[in-house]
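Sequence lines, in order, name chains A and B.
Start counting the first sequence at 71; every next residue gets the next number (our numbering).
Start counting the second sequence at 2; every next residue gets the next number (our numbering).
Beta carbons are placed, not taken as given, at the ideal position from N, Cα and C, and that holds for glycine.
Heads up: the structure comes next, in structure tokens.
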Amino acid sequence: MSMIFRRTIPIVIVFVTSLLLLLAFFVTIPGIDLKATETMLLNWGVILSAFCLGFGAVNLFIFQGRHILRRTKGQWPFSIWMLIVIVVFTVVGVLTGSSSTEYTWLYNSSYFALSATVYSSLGFYMTSGIYRALRAKNIESGLLLIVGIIALARNAPAVAAAFPPIIPWEAWISAVPTTSAQRGIMIGASLGAIALGIRTMIGRETGFLGKLTEAEKGG
Amino acid sequence: MFVTGRIFAAGMLVAIWIIVLAAMELAKKNLPIFRKLAGLDAIPEMVGRAAETGKPVHFTTGLGELNTNVASQLVAGLSVLAYVSEMCANLGVKIIYSVYQSQVMPIATELMKSAYTSAGRLEDFDPEDQIRFLSDSQFAYASAVQGIAEREHPAANIMIGPFYAESMLFAETFYRIGSIQLAGTARGYQIPFFAVVCDYLLIAEEIYAAGAYLSKDPVLAGSIRGQDIGKFIAMILMIVGLILTALGNPAITNLLKM
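As structure tokens, this is what we get:
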């Protein structure tokens, strides 16, 4: 029975839904509204996702609650703060609605500002990463160094103004070698995704379903 | 019957489907040889290092959800998670899976549970501690992963799936704490970031081949051969298209627009 529940049924569901979505994308059948079926299936996905969000929230409470109970060093005060924030957001959201002034203020004053801060810090991470990458250790890294310098110099307005020929150089690097390499990667990735899709649809790629135990294989 | 503009794409999809299935059948008789994927071959070394140092292994599948166009990258990441979980269970190494998509949690729970069961170490599996839903907001999730890196100092960090702006935040933070890193994504804009910081990299299609590569299943390996034939067809179309277009013949362009 386990084999049926854990393998056969999920694979059949994957096959049928994938086939329906593929058909809805490529064909129109008179008398059958495939688009409506597609929308319905996608809505089911949204509903299941929303349900899983509750599962995620429970996980958060259990995980942070454990830290509080154990007084985990350097962690438990943050866990308390996190649970308080979750409760405050939930209460305000449920009582006033997610588009209310109160909720918007709460969101913009806390999460929005913090999110922008984290995003801004990306510049520093990029700088330290590129500092290590731009070292001419071999031919490839030497090429990366040259191209990197051209791109950096082109995007510095003073350099581009003082030395205008750098503008078409950088434009050529972006339009020709970079774009062609990106397209090559994209074609390879698309074919890889198709092959993975086929393996998943026919039930050969089941890594994401986990391994069967000997008892389940026998069951 | 066919939607205009998608006839050629549908034909190519069916053709590749047939080629992949045929290649899978042929592989039963003649096992294809895989090109070595250093990143996947390094996983035992990464888990082994974690076992020696007594530190955990961190795994994440990035952003993106199962009902979006990056779902295939997520599924590829989960296949690797299954493999890494079993290896960690065998060696008694704690694996932490950071989750952005709550919808993945039930799948990951089942997957890791079966990996621990298969290793005969189910008692070591603690889903609430090992599968952590962090947030479904990008930078809250990114900050939480950075927090895990700073507090728990994982010996290895494996990132396979769709990544966005957080890629550099993760790669640099884990680099700073000295983790060995394996990253893989099919998102072209993030590949360079991973390439400059991480120890091992899986580029685009390699993440989709990961499940087949790690399973050592000849039939799955056959599908990779089929995929390569598809690539060959794409190259022929490009070369013929280039020549014909240069000669002023729009046949290939018209074919692609069908």
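Residue interval of the alpha helix (DSSP H) (run including residue i)
| i | result |
| --- | --- |
| Phe194/B | 192-198 |
| Thr62/B | From DSSP, Thr62/B is part of no alpha helix (DSSP H); its letter is neither H nor E. |
| Ile204/B | Taken as a continuous stretch (DSSP letters only), Ile204/B belongs to no alpha helix (DSSP H), being part of the beta strand (DSSP E) at 201-204. |
| Ala157/B | Ala157/B -> not in any alpha helix (DSSP H); beta strand (DSSP E) instead, spanning 157-161. |
| Ala106/A | 104-140 |
| Thr249/A | 249-271 |
| Thr174/B | 167-177 |
| Gly227/B | 219-247 |
| Ala344/A | The requested residue 344/A does not occur in the structure, where chain A is confined to residues 71 to 289. |
| Ile160/A | The sequence shown places Thr at residue 160/A, rather than the Ile named in the question. Taken as a continuous stretch (DSSP letters only), the alpha helix (DSSP H) holding Thr160/A covers 146-166. |
Buried versus exposed, by CB contacts within 10 Å (16 or more), residue i
| i | result |
| --- | --- |
| Gly289/A | Caution is warranted here: a pLDDT of 42 is assigned to Gly289/A, below 50, making its placement in the model unreliable, and the coordinate value is therefore given only provisionally. Gly289/A should be labelled exposed. |
| Gly124/A | exposed |
| Val71/B | buried |
| Val48/B | buried |
| Asp229/B | buried |
| Thr5/B | exposed |
| Ser179/A | exposed |
| Leu279/A | buried |
| Phe134/B | buried |
| Pro163/B | buried |
| Ile161/B | buried |
| Met259/B | exposed |
| Pro155/B | buried |
| Phe175/B | buried |
| Ile102/A | exposed |
| Phe233/A | exposed |
| Gly193/A | exposed |
| Phe140/B | buried |
| Thr109/A | exposed |
| Ala172/B | buried |
| Gly121/B | exposed |
| Ile74/A | exposed |
| Tyr201/A | exposed |
| Ser168/A | exposed |
| Tyr195/A | buried |
N-terminal and C-terminal residue of the beta strand (DSSP E) that residue i is part of
| i | result |
| --- | --- |
| Val146/B | That residue, Val146/B, is in no beta strand (DSSP E); its alpha helix (DSSP H) goes 139-153. |
| Asn255/B | Not the beta strand (DSSP E): Asn255/B falls in the alpha helix (DSSP H), residues 252-258. |
| Arg133/B | 132-134 |
| Thr186/B | 181-186 |
Listed by chain order, chain E residues near residue i by CB distance under 9 Å
| i | result |
| --- | --- |
| Ala203/A | The structure shown contains no chain E; the protein chains it does contain are A and B. |
Discussion item. At a CB distance below 9 Å, what residues from the segment 163-189 of chain A approach chain B? Give them in sequence order.
Written reply: So the list reads Tyr181, Leu184, Ser185, Ala186, Thr187, Val188, Tyr189, given in the order they occur along the chain.
Worksheet entry | Chain-ordered residues of the segment 237-256 of chain A with a beta carbon less than 8 Å from chain B | If the cut-off is 8 Å between Cβ atoms, the segment 237-256 of chain A has Gln252, Ile255, Met256 near chain B.
Worksheet item: When the Cβ atoms of the segment 73-90 of chain A are set against those of the segment 90-101 of chain B, are three or more pairs found closer than 8 Å?
Response: no
Worksheet item: Do the segment 52-66 of chain B and the segment 10-17 of chain B touch if we need at least three Cβ pairs shorter than 8 Å?
Response: no
Item to complete: Just list the alpha helix (DSSP H) runs in the segment 24-106 of chain B, keeping only unbroken ones of 4 residues or longer that don't cross its boundaries, in chain order.
Response: 39-42, 44-54, 72-92
Fill in: chain B contacts from the segment 146-160 of chain A (Cβ-Cβ distance under 7 Å)
none
Worksheet item: Closer than 8 Å, Cβ to any Cβ of chain B: which residues of the segment 189-201 of chain A, in chain order?
Response: Tyr189, Ser191, Leu192, Tyr195, Met196, Ser198, Gly199, Ile200
Discussion item. At 4 residues or longer, what runs of the alpha helix (DSSP H) sit wholly inside the segment 173-242 of chain A?
Written reply: 183-203, 209-225, 227-232
Discussion item. Any C-beta of chain A within less than 9 Å: which residues of the segment 115-147 of chain B qualify?
Written reply: Ser115, Ala116, Thr118, Ser119, Pro128, Glu129, Asp130, Ile132, Arg133, Phe134, Leu135, Ser136, Asp137, Ser138, Gln139, Phe140, Ala141, Ala143, Ser144, Gln147
Item to complete: Pair every Cβ in the segment 249-264 of chain A with every Cβ in the segment 198-207 of chain B, then say whether three or more of these pairs are closer than 8 Å.
Response: yes
Item to complete: Could you name the residues of the segment 88-117 of chain A whose beta carbon sits closer than 8 Å to any beta carbon of chain B, in the order they occur along the chain?
Response: Leu92, Phe95, Phe96, Val97, Thr98, Ile99, Leu112, Gly115, Val116
Discussion item. Under 8 Å, CB to CB, which of the residues in the segment 130-142 of chain A have a partner in chain B?
Written reply: Leu130, Ile132, Phe133, Arg136
Worksheet item: According to a CB-to-CB cut-off of less than 8 Å, which residues of the segment 11-27 of chain B neighbour chain A?
Response: Ala11, Leu14, Ile17, Trp18, Val21, Leu22, Met25
Worksheet item: Any contact of the segment 230-244 of chain B with the segment 27-42 of chain B, i.e. 3+ C-beta pairs under 8 Å?
Response: no
Item to complete: Name, going along the chain, the residues of the segment 205-230 of chain A whose beta-carbon falls closer than 9 Å to a beta-carbon of chain B.
Response: Leu214
Worksheet item: For the segment 191-225 of chain B, which residues have a CB atom closer than 9 Å to at least one CB atom of chain A, in sequence order?
Response: Ile192, Pro193, Phe194, Ala196, Val197, Val198, Ile204, Ala205, Glu206, Glu207, Ile208, Tyr209, Ala210, Ala211, Gly212, Ala213, Leu215, Ser216, Asp218, Val220, Leu221, Ser224, Ile225
Worksheet item: Any chance the segment 84-92 of chain B sits against the segment 104-117 of chain B, with 3 or more Cβ pairs inside 8 Å?
Response: yes
Fill in: Members of the segment 255-274 of chain A near chain B, C-beta cut-off 7 Å
Ile255, Met256, Ile257, Gly258, Ala259, Leu261, Gly262, Ala263, Ile264, Ala265, Leu266, Gly267, Ile268, Arg269, Thr270, Arg274
Worksheet entry | the segment 119-138 of chain B in contact with the segment 128-137 of chain A per 3-pair CB rule at 8 Å | yes
Fill in: the segment 209-217 of chain B / the segment 208-228 of chain A touching (three or more Cβ pairs under 8 Å)
Of all C-beta pairs linking the segment 209-217 of chain B to the segment 208-228 of chain A, fewer than three are shorter than 8 Å, placing the two stretches out of contact.
Discussion item. Please identify, using Cβ separations under 7 Å, the residues of the segment 231-247 of chain B that lie next to chain A, in order along the chain.
Written reply: Gly231, Lys232, Ala235
Worksheet item: Do the segment 137-148 of chain B and the segment 37-44 of chain B meet, that is, are 3 or more Cβ pairs less than 8 Å apart?
Response: Because the criterion of three Cβ pairs below 8 Å is not met, the segment 137-148 of chain B and the segment 37-44 of chain B do not touch.
Worksheet item: Contact between the segment 110-129 of chain A and the segment 105-114 of chain B: three or more CB pairs below 8 Å?
Response: yes
Worksheet entry | Cβ-based contacts, 7 Å cut-off: residues of the segment 35-57 of chain B near chain A | none
Item to complete: Please name the residues in the segment 84-95 of chain B whose beta-carbon is closer than 8 Å to at least one beta-carbon of chain A, in chain order.
Response: Tyr84, Glu87
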